[in-house]
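Asker: Quick one: structure below, then a few questions.
Numbering (this note's numbering), first residue to last: 72 to 331.
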């Protein structure tokens, strides 16, 4: 398998989806909660976390304030001597893309780069998401499809294949890779080359999914993925995303039709 984006040599695991900014959306409730989430991540081997507050109608997030909120949190993490850095980003609802101008898209792109994490509309993946991928591409940005496991139906595989063929990347929730209900479907997607990034999608240190990726990595290992493929998913591809590189999904076209 050829990968034309240079993987990092010194980076460790990168979490591309985390609601760590305090008091902003439905994520960390306060600074203590946010610092505790970062501590969870650091203990798990995560070294960079993309802050991805919801950008949608039911959360009053000011896009222009995200960078300063990230900088303030990073100052607190440095004071706490935590070896983890938070990067800018956002989780943009598919239905909210039209109201963001190009400058705002750059402000919510992961790491200030060229990839936007998009939350699909509720229900099964539909034509609107393909239109969103095309729209972002015309505006100079790539699409990362967030947590498709929430939209599973009989057309999920078909829809993801079409999205990846159009240049989209796919991010799955790490903890759910290890769950008996969602795990087998997600591992099948990974074997088919349709999983490119992991995110914790953590919202708090006090409840819900932790700000950790190790359970997902272990599930990929147990599921038979090659170590090099796993390294791309947890280090190489997220590093390329945060570096602002645009590239075709490197695992696309791989088709392992073995059953799970």
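Note that the Cβ used here is the ideal one computed from N, Cα and C, for glycine as well.
Just so it is clear, the structure is predicted and the values come from calculations on it, not from any experiment.
Take residue 287 and list the residues in its own chain whose beta-carbon comes closer than 6 Å to its own, dropping the five residues that flank it on each side.
Answerer: Excluding positions up to five away in sequence, the list reads 245, 248 and 269.
Asker: Drop a sphere of 10 angstroms on the beta-carbon of residue 158, count the other beta-carbons inside from all chains shown, and report buried for 16 or more, exposed for fewer.
Answerer: Residue 158 is buried by the Cβ-count criterion.
Asker: Quick check on the DSSP output: the beta strand (DSSP E) that includes residue 122 runs from which residue to which?
Answerer: Note, residue 122: beta strand (DSSP E), 117-122.
Asker: Decide if the region 167-185 is in contact with the region 123-134; the criterion is three or more beta carbon pairs, one per stretch, under 8 Å apart.
Answerer: Yes: the two stretches touch, three or more of their Cβ pairs being nearer than 8 Å.
Asker: For the alpha helix (DSSP H) containing residue 137, name the first residue and the last one.
Answerer: Run containing residue 137: 137-150, per the alpha helix (DSSP H) assignment.
Asker: Determine, using beta-carbon pairs with one atom in the region 128-148 and one in the region 308-318, whether at least three such pairs fall under 8 Å.
Answerer: As far as the Cβ criterion goes, the region 128-148 does not touch the region 308-318, which means the pair count is below three.
Asker: Output the boundary residues of the beta strand (DSSP E) element that contains residue 162.
Answerer: 162-164 is the extent of the beta strand (DSSP E) around residue 162.
Asker: What are the residues that DSSP puts in a beta bridge with residue 85?
Answerer: In DSSP, residue 85 forms a bridge with 119.
Asker: Which whole-angstrom value describes the C-beta separation of residue 199 and residue 207, a residue pair presumed to lie in contact below a C-beta threshold of 8 Å?
Answerer: Not really, about 13 Å apart at Cβ, beyond 8 Å.
Asker: With C-beta atoms as the reference, is residue 188 less than 8 Å away from residue 88?
Answerer: Yes, the Cβ-Cβ distance between residue 188 and residue 88 is below 8 Å.
Asker: Closer than 7 Å by C-beta to residue 284: which residues in its own chain qualify, once you throw out the five before and the five after it? Chain order, please.
Answerer: These residues qualify, in order along the chain: 84, 86, 115, 117, 245, 269, 271 and 305.
Asker: Can you give the Cα-Cα distance for residue 166 and residue 151, rounded to whole angstroms?
Answerer: Those two C-alpha atoms are separated by around 38 Å.
Asker: What residues are listed by DSSP as bridge partners for residue 125?
Answerer: Residue 125 is bridged to 162.
Asker: Over what stretch of residues does the alpha helix (DSSP H) that includes residue 287 continue unbroken?
Answerer: Looking at the DSSP string, the run of the alpha helix (DSSP H) that includes residue 287 is 285-293.
Asker: With hydrogens ignored, establish whether the beta-carbon of residue 95 is closer than 7 Å to any heavy atom of the ligand FAD.
Answerer: Although the ligand FAD was asked about, the structure shown includes no ligands whatsoever.
Asker: Note down the Cα distance separating residue 243 from residue 191, rounded to an integer number of angstroms.
Answerer: Residue 243 and residue 191: Cα-Cα distance of roughly 13 Å.
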